[in-house]
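The structure appears right after this line, and notes come after that.
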Amino acid sequence: MYHLHTTIEIAAPPSTVRAKFLDFSQIPKYHPNGFFKSIAPLVPGQPLEPGLKMHNELDGMTIEPVLIENSPSVFRWGGSGLLGTFKGEHIFRFEPSSQTQGGTTFTHEEKFTGLLSFIMGSNVAANSIGLRASTQKGFEKYNVDLKKWCEGSA
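The working numbering numbers the first residue of the sequence shown as 16 and each following residue consecutively.
Right under this line is the structure:
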């Protein structure tokens, strides 16, 4: 398994950060030209419940993962591609901050498994492809944009 993990402190309570995160229609406003182009249920208007098929447009690809969890502290989806040889579990965490009083520690991560998951590692082959580094930068950019929006500066 290969793991990408990013965190950022946001000066807003977890409930606020989560509510703004779940307002997917606003992604183009606060995250223009970013990693996420859109996040939505495959069938518009369906409730965000486990088992829901999603339709997410990312920088350079479209995926249709299944929602695994939507709780006050975690939003998580999973999916696979290339005949199951590459699997990912994308996780967003909204936790009370121990560093920012009344704030949120927002964690944005992905766990990769499957035969081709090595391309998200730190090995020579993976580094030459550069997918891990570009994905990490995409996560970090999204985190900064979400922070600005939640804190009212976007």
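Virtual Cβ for every residue (Gly too), placed ideally from N, Cα, C.
Integer-rounded CB distance, given that Glu24 should sit under 8 Å from Ser137: Here the question's residue 137 lines up with position 122 in the sequence shown. Here the question's residue 24 lines up with position 9 in the sequence shown. Not confirmed; about 26 Å, so no contact.
State the start and end residues of the unbroken beta strand (DSSP E) segment that holds Val89. Stepping through the sequence shown from its first residue, residue 89 is reached at position 74. Per DSSP, the unbroken beta strand (DSSP E) holding Val89 starts and ends at Val89 to Gly96.
Span of the beta strand (DSSP E) around Asn48: In the sequence shown, the residue the question calls residue 48 occupies position 33. Where Asn48 is concerned, there is no enclosing beta strand (DSSP E), given that its DSSP letter is neither H nor E.
Please list, in chain order, all residues of the same chain as Glu104 whose beta carbon is under 6 Å from its beta carbon, the five residues on each side excluded. For the purposes of this step, residue 104 is identified with residue 89 of the sequence shown, where counting begins at 1. Closer than 6 Å at the Cβ level, and outside the excluded window around Glu104, lie Gly93 and Lys126.
Provide the residue(s) that pair with Asp30 in DSSP beta bridges, ordered along the chain. The sequence position of residue 30 within the sequence shown is 15, counting from 1. In the sequence as presented, Asp is not what sits at residue 30; that position holds Ser. Its beta-bridge partners do not exist; DSSP assigns none.
On the DSSP bridge assignment, give the partners of Lys68 in chain order. Counted from its first residue, the sequence shown places residue 68 at position 53. Answer is Val81, bridged to Lys68.
Name the two residues that bound the continuous alpha helix (DSSP H) containing Thr150. Against the sequence shown, residue 150 aligns to sequence position 135. DSSP places Thr150 inside the alpha helix (DSSP H), whose first and last residues are Leu146 to Cys165.
When you compare only the Cα positions, how much space is there between Leu63 and Pro56? For the purposes of this step, residue 63 is identified with residue 48 of the sequence shown, where counting begins at 1. For the purposes of this step, residue 56 is identified with residue 41 of the sequence shown, where counting begins at 1. Each residue's CA atom was taken as its position, placing Leu63 and Pro56 some 7 Å apart.
Three-state secondary structure assigned by DSSP to Ser53: Translated into positions along the sequence shown, residue 53 becomes position 38. Strand at Ser53.
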